[in-house]
Each structure stands twice: as structure tokens, then as C-alpha cells.
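Trainee: Sequence order for the protein chains is A and B. In this text, residue positions in the first sequence follow this note's numbering: the first is 1, and each later residue adds one. In this text, residue positions in the second sequence follow this note's numbering: the first is 111, and each later residue adds one. Yeah, the Cβ is synthetic: ideal placement off N, Cα and C, and Gly gets one too. Structure provided below as C-alpha cells; questions to follow.
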Amino acid sequence: GENVEQHPSTLSVQEGDSAVIKCTYSDSASNYFPWYKQELGKRPQLIIDIRSNVGEKKDQRIAVTLNKTAKHFSLHITETQPEDSAVYFCAATGIDGLTFGKGTHLIIQP
Amino acid sequence: DTEVTQTPKHLVMGMTNKKSLKCEQHMGHRAMYWYKQKAKKPPELMFVYSYEKLSINESVPSRFSPECPNSSLLNLHLHALQPEDSALYLCASSLYGDRASFSYEQYFGPGTRLTVT
Chain A
1 GENVEQHPST LSVQEGDSAV IKCTYSDSAS NYFPWYKQEL GKRPQLIIDI RSNVGEKKDQ
61 RIAVTLNKTA KHFSLHITET QPEDSAVYFC AATGIDGLTF GKGTHLIIQP
Chain B
111 DTEVTQTPKH LVMGMTNKKS LKCEQHMGHR AMYWYKQKAK KPPELMFVYS YEKLSINESV
171 PSRFSPECPN SSLLNLHLHA LQPEDSALYL CASSLYGDRA SFSYEQYFGP GTRLTVT
């Protein structure tokens, strides 16, 4: 089955700086890579996703890149704000559904 | 309507009780999912219903029993649970239910916080 590794487990950045979270996956059949943001006590919220036929996707301050050859994908958040503080999960999906990474706790320092 | 709803929000049950969790969506999605999430951990897939038929059962103990009465509803029946089953139970749905088509956005409900005493 799919195995997704996510790093770092905790990331602390100054407000206004950029944050990058990286994930690798094992199953070359995986073709969809969503990113979820989960605030304390709340549901995971889909923030951006990318499919295997695209190398990069951007939505305002967030972007995701995908390198299929290396089997890794990354989340980039620019101009971080206090409301970006949360746990972020990457995921990959093949024929058996979503497999999540272990999560990154993003802390935005004022 | 782009929302998945779940009831109840919180549930406390003893190890001999029988209870049910409910999930509903009205987005016309054909796949529905149950996940279990422990504190500080990612969601773990338990069951997948595709076009109202159980398509994936990730080796979940039989004390958890899913049911999909129709394309909008998903239940999870609980019986003889253990304290280690205490967790947040999340329901999700996605547009397509074909097993090879999980590459579509999954939307999560708010979850049921379950405590087993």
C-alpha cells in the first residue's frame, strides 16, 4: 500500500515569512495529492490539491509543487499570518483511497 | 449545499453500550468514508462506501459496523467498544465512488468526539 512521509513535524516561522512542508510517497500509481489544514478541535479542511498531470498549482498565498520522478510534493505558504497556525496534512491517493502523512504543526510567531 | 454533517458532536458510552454515529451529505457524492483520528495523529481510513456498497474495509474490528442506507446517509454502529477506541470519528464524501476514482476532493464532516468509559 501507499506510504506517505511528511517533514518537518513542527515548523515555527516569523509572521510574514514563508513556510515549506515536504512530503514523499511510495506508490507510483498515486495520482492525486491534497493538502488539508486542521485547526484544533475542527475538521480537516482541503486547502489545495494537485493531480499527477500538473507540476505546480497556486492559489493566492499557497502553492503546491509535485515531482513525480522523485515522488515528492511540497506545500508553500508565503507571507504567513497568525491564522495560518494549524496542523497541515499531506495525502496521496491511488486505488485504495487517501493515505495521510503524520502532519506538520505550523506555528506563526508574532 | 457543500457540507457534510455528523451527529452527535460528542458521545460518551460504556463498554457494554450500543450506539450509532450518523453522517449525511446532500452534494450528490457517490463515495462516503469513515475515518478514525486520535489526538495529534492523521485520520486513518476505516471504511469506504462506493455507490452504497462497501468497497474497502481496512481490517477494522467487528465491534464497528458500517451501514449505508442510501447515497446520502452513512451510519457507524458501535458495540462493545474498548477505551482505546476513544477518538474523533470523521465522515467524508467525494464526488465519484468508482474505486479507481478516489482522485477527487474529499470533504470532511465536523466529526463525533467519542469517549469510551
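Quick check: the stretch 133-143 of chain B against the stretch 195-207 of chain B, are there 3 or more CB pairs under 8 Å?
Mentor: Verdict: yes, contact present.
Trainee: At the 7 Å Cβ level, is K68 (chain A) part of the contact set with chain B, yes or no?
Mentor: Reading the first sequence from its first residue, position 68 is the one you call residue 68 (chain A). It does not; no Cβ of chain B falls within 7 Å.
Trainee: Let me make sure I understand the geometry here. Which of A:Q14, A:K37, A:C90, A:V13 has the alpha-carbon closest to that of N4 (chain A)?
Mentor: Working through the first sequence from its first residue, we reach residue 4 (chain A) at position 4. According to the sequence provided, residue 4 (chain A) is Val. The question's Asn does not apply to it. Among A:Q14, A:K37, A:C90, A:V13, the Cα nearest to that of V4 (chain A) belongs to A:C90.
Trainee: Short check: CB of G94 (chain A) to CB of D27 (chain A), under 7 Å?
Mentor: Numbered from 1 along the first sequence, position 94 holds the residue referred to as residue 94 (chain A). Numbered from 1 along the first sequence, position 27 holds the residue referred to as residue 27 (chain A). Yes, the pair counts as a contact, with Cβ atoms nearer than the cut-off.
Trainee: Where does the unbroken beta strand (DSSP E) through S74 (chain A) begin, and where does it stop?
Mentor: Here the question's residue 74 (chain A) lines up with position 74 in the first sequence. Note, S74 (chain A): beta strand (DSSP E), 72-77.
Trainee: Who are the Cβ neighbours of S175 (chain B) in its own chain at under 6 Å, not counting the five residues just before and after it?
Mentor: Walking along the second sequence from the start, residue 175 (chain B) turns up at place 65. Excluding positions up to five away in sequence, the list reads H187.
Trainee: Cβ of V158 (chain B) less than 7 Å from any chain A Cβ?
Mentor: Here the question's residue 158 (chain B) lines up with position 48 in the second sequence. Yes, because at least one Cβ of chain A sits closer than 7 Å to the Cβ of V158 (chain B).
Trainee: Would you mind reading off the limits of the beta strand (DSSP E) that contains K132 (chain B)?
Mentor: Stepping through the second sequence from its first residue, residue 132 (chain B) is reached at position 22. Note, K132 (chain B): beta strand (DSSP E), 128-135.
Trainee: Hey, T78 (chain A) and S18 (chain A): beta-carbon distance below 7 Å or not?
Mentor: One-based indexing of the first sequence puts residue 78 (chain A) at position 78. One-based indexing of the first sequence puts residue 18 (chain A) at position 18. The answer is yes: Cβ separation under 7 Å.
Trainee: Taking the straight line between their C-alpha atoms, what separation do you get for P44 (chain A) and Q135 (chain B)?
Mentor: Within the first sequence, numbered from 1, the residue matching residue 44 (chain A) stands at position 44. Within the second sequence, numbered from 1, the residue matching residue 135 (chain B) stands at position 25. Their backbone Cα atoms lie some 16 Å apart in a straight line.
Trainee: Report the start-end ranges of each alpha helix (DSSP H) in the stretch 7-94 of chain A that is 4 residues or longer and not cut off at the edges.
Mentor: If we require 4 residues or more, the stretch 7-94 of chain A turns out to have no alpha helix (DSSP H) run fully inside it.
Trainee: What does DSSP give as the partner residues of K146 (chain B) in its beta bridges?
Mentor: Taking the first residue of the second sequence as position 1, residue 146 (chain B) is located at position 36. The partner list for K146 (chain B) (beta bridge, DSSP) reads B:E154, B:Y199.
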